[in-house]
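Below: one structure, written as structure tokens.
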Amino acid sequence: MSHPEAGAHGLPEDAPSRARDAWARSDWATLADELFALAAARGDSRLIAPILRVDLELLTEPQLVTRAAALRDLPPDAVRDAGLAFVSLITDGDAERVVAPVRSAVVGLEGHDDLLAAALASCAALILVDRARWVDAAWFVTAAERAIGEARDRHGEIDAVTAAWFRMMAPAVLIEWNTYDGAARLDSLAAALAGPRSRNLLRSHHGPALVAMGQVLAARGEFGAGAVSIARGIPLFAPRSHLQASAYARLAYVKYRQGDWVGARRAARQVRDGLRPSSAWTDSLLSAVETLEPATGGDLAAAATRIDEATRALAVQPSVQAETILLHARLALTIGARDWVGMNRLLDDAEEPGWRRVFTDHEWRALRGMALRNLGRTDRYRELVTAWGDEPGAADSAYYWAHVAMLEQIRGDAASALAAAHRSRGQVSDADDPLGRTWVRIVVGTIVSLYGDATEGMGSYEQARVELAAIGANGFVRLCTRIIEDVAGQLARASGDALTALTAQQRRVAELVAEGFTSAEIAEILYLSKKTIDFHVANILSRLKLRSRRELGRWMGRARDAQAEASSPRSATSSIDRTL
């Protein structure tokens with residue numbers, strides 16, 4: 001397709017026909033060759049400005065990077081300096097070294113070509129955001145805003161000015177969110193996007209803004225809205241461009257948080273396809289995305305290997321986006337391995353503005369509380385939960401009440417622990433991170449099994465396991481199964497009721513199996529499908545470590561006899577291996 005703002009960028013009036021044809025076809029390589037030849041022949045570096053503008057939009061493979069030597073040979077001026085500054089941004093991972101010349105280039109363009117100054121400043125801000133250089137990035141956003149204002153005063157609200165504003169807003173909203181600076185820019189961007197989105201008039205310059213807005217929405221816990229915004233922006237990028245691959249990486253991460261793991265894996269494949277052949281600029285992003293599936297799926301060995309690979313890539317080219325993804329994978333790995341020392345250390349390393357915003361405040365406290373509790377650091381754990389209760393929204397957080405329940409368990413207050421567990425269960429939402437949501441169900445299952453209705457508690461466990469299996473978190477399914485077996489064993493020993501290992505529905509299915517009914521007959525009796533009954537029978541046999549329906553019938557007979565003879569009260573003390 002042709003460039004959407006061709007008229008705004010323009011070409012020299014006497015540009016060769018090959019250059020004009022290349023512009024019309026969006027053949028940027030040919031256009032760059034023609035413009036560089038023209039600039040060299042005339043000794044005028046300003047003639048490469050159109051290809052510099054294209055590069056600054058990051059819509060396609062940068063042309064100036066492969067022509068750096070030819071760029072340096074052009075006569076010195078503001079456009080040449082801007083081009084060299086852009087090349088350093090793309091190729092040099094040392095932010096300290098590149099910021100000063102880029103600032104100088106922006107200042108040099110101001111007053112001469114304000115739209116080009118705004119484009120360079122916005123591009124620099126977006127790249128520096130990904131390197132967590134918040135102060136430097138904010139300087140460039142301010143510079144871009146100033147240049148756009150000058151261009152607006154000079155030309156009015158033309159398309160090029162509007163496009164420049166949307167490109168500036170992509171890094172602006174990310175800086176605002178990550179520096180805890182309110183939501184004024186986000187609200188302004190959402191309002192500005194509403195019109196073109198509703199009228200289906202979205203163009204290339206809206207893409208980065210939509211992706212950035214989606215990233216912020218997801219960080220606020222609005223995973224569905226975040227995924228929709230990012231997905232809407234992706235088609236606006238050129239195929240196989242870095243921005244498109246970067247957007248797919250963000251979508252993969254948000255889809256994992258949302259619980260759509262099929263969609264997440266599909267987006268991750270797009271990252272792999274879009275970033276080959278890769279470079280130092282993209283290796284860290286690709287390596288980080290590759291960690292998500294094994295880490296969240298429970299393949300701990302593969303996850304550890306891929307995390308090591310991603311860590312090495314990040315040492316070459318730092319990236320907040322890659323670090324964000326990698327933090328999620330590392331946390332999943334430490335939780336799956338029950339490495340609470342490693343988890344606490346990881347949280348310590350990440351405890352700084354700009355990093356913790358990848359989780360909501362309640363998620364962050366839940367993670368820290370999980371580590372402290374399992375490390376046995378009761379005093380610090382008590383302080384965290386107590387202070388958490390004073391935070392806005394704590395009373396509506398399932399995570400908060402789950403930790404209150406566990407703290408009350410430590411104190412030995414069974415009634416308060418049970419009340420908090422029930423309140424936690426009431427706050428669970430389908431919009432929550434699925435791993436966090438199932439963790440809450442496991443906590444509730446433990447507390448309710450030990451202090452309340454054991455059958456109800458086992459039902460909460462089973463709900464967690466079904467949800468984990470549905471999203472493909474096989475490693476966490478195994479962990480959940482071990483917890484269920486531990487609790488069921490304790491309850492059976494303490495109460496003399498071996499049937500506490502089963503949920504209410506599983507118990508009914510087991511009774512009917514013991515009475516000789518087939519799966520088809522049980523399905524008809526219970527108004528369920530035969531497939532569901534077969535699933536229940538398989539779970540029952542696995543949980544009770546039995547091999548056949550015949551063994552289940554004999555086991556049920558023994559269980560009834562033991563239940564009839566049981567007389568000792570159930571203990572409310574858990575010796576479960578710390579996994580909550």
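For the sequence shown, the residue numbers in UniProt numbering are 1 to 580.
C-beta atoms are modelled at their ideal positions from N, C-alpha and C, and glycine is treated no differently.
- Around the beta carbon of Leu-116, 16 or more other beta carbons lie within 10 angstroms, which makes this residue buried.
- Between Gly-259 and Phe-476, the gap from beta carbon to beta carbon reaches 8 angstroms or more.
- Spanning the alpha carbons of Leu-326 and Val-87 requires a straight line of approximately 27 angstroms.
- A buried status is given to Glu-57, since no fewer than 16 other beta-carbon atoms sit within 10 Å of its beta-carbon.
- DSSP places Leu-84 inside the alpha helix (DSSP H), whose first and last residues are 78–91.
- Runs of the alpha helix (DSSP H) spanning 4 or more residues and lying entirely within the segment 197–242 occur at 207–219, 223–233, in chain order.
- For Gly-445, the enclosing alpha helix (DSSP H) stretches over residues 434–451.
- Using a Cβ distance threshold of 8 angstroms, Trp-340 and Leu-367 do not count as a contacting pair.
- Assigned with DSSP and collapsed to three states, Thr-179 falls in coil, not helix or strand.
- Between the beta-carbon of Val-444 and that of Ser-424 there is about 6 angstroms, and that keeps the pair under the 8 angstroms contact cut.
- Ranked by Cα distance from Glu-351, the first of Arg-373, Thr-324, Arg-377, Ala-301 is Thr-324.
- When only Cα atoms are considered, Ala-19 and Leu-31 end up about 5 angstroms apart.
- In this structure Gly-369 does not touch Leu-346 by the C-beta definition: roughly 15 angstroms separates them, more than the 8 angstroms allowed.
- With contacts defined as CB atoms closer than 8 angstroms, Val-173 and Leu-193 fail to qualify as a contacting pair.
- In the same chain as Thr-455, and ignoring 5 residues on each side of it, the C-beta atoms closer than 6 angstroms to its own belong to Ala-504, in chain order.
- In the three-state scheme derived from DSSP, where H, G and I count as helix and E and B as strand, Ile-48 is classed as helix.
- Each of Ile-148, Leu-126, Pro-75, Asp-130 was checked against the Cα of Gly-111, and the nearest Cα belongs to Ile-148.
- In the displayed model, Gly-475 falls within a helix according to three-state DSSP.
- Nearest C-alpha to Thr-360 among Pro-392, Leu-372, Ser-188, Asp-379: Pro-392.
- For Phe-36, the enclosing alpha helix (DSSP H) stretches over residues 28–42.
- Here Val-509 has Ile-522, Leu-526, Ile-533, His-536, Val-537, Ile-540 as same chain residues with Cβ atoms under 8 angstroms from its own Cβ, once five neighbours each way along the sequence are excluded.
- Note on the UniProt domain "HTH luxR-type" (495–560): whole alpha helix (DSSP H) runs with a minimum of 4 residues are 504–514, 519–526, 530–543, in chain order.
- With a 10 Å radius around the Cβ and a threshold of 16 neighbouring Cβ atoms, Pro-76 comes out exposed.
- Your pair Ile-442 and Ala-421 does not check out as a contact, with CB atoms roughly 11 angstroms apart and the cut at 8 angstroms.
- The C-beta distance from Ile-410 to Thr-378 rounds to 6 angstroms, short enough to fall under 8 angstroms.
- Rounded to whole angstroms, the Cβ separation of Tyr-256 and Ile-234 is 17 angstroms, and the two are not in contact under 8 angstroms.
- Of the other Cβ atoms in all chains shown, fewer than 16 fall within 10 Å of the Cβ of Ser-198; this residue is therefore exposed.
- The Cβ atoms of Thr-291 and Ala-329 lie closer than 8 angstroms to each other.
- Distances from the alpha-carbon of Tyr-180 to those of Glu-157, Arg-220, Arg-154 put Arg-220 closest.
- Boundaries of the alpha helix (DSSP H) harbouring Asp-361: 361–375, taken from the DSSP string.
- A distance below 6 angstroms between beta-carbons, with the five flanking residues on each side excluded, links Leu-128 to the following residues of its chain, in chain order: Asp-136, Ala-137.
- When rounded, the separation of the alpha-carbon atoms in Glu-467 and Ser-397 is 20 angstroms.
- When the beta-carbon positions are compared, Ala-238 and Gln-244 come within less than 8 angstroms of each other.
- Counting along the chain, the unbroken alpha helix (DSSP H) around Gln-321 starts and ends at 320–336.
- Within the same chain, and ignoring the five residues on either side of Ala-520 in sequence, the residues whose Cβ sits closer than 6 angstroms to its Cβ are Lys-530.
- Taking the C-beta atoms as reference points, Arg-80 is found nearer than 8 angstroms to Ser-45.
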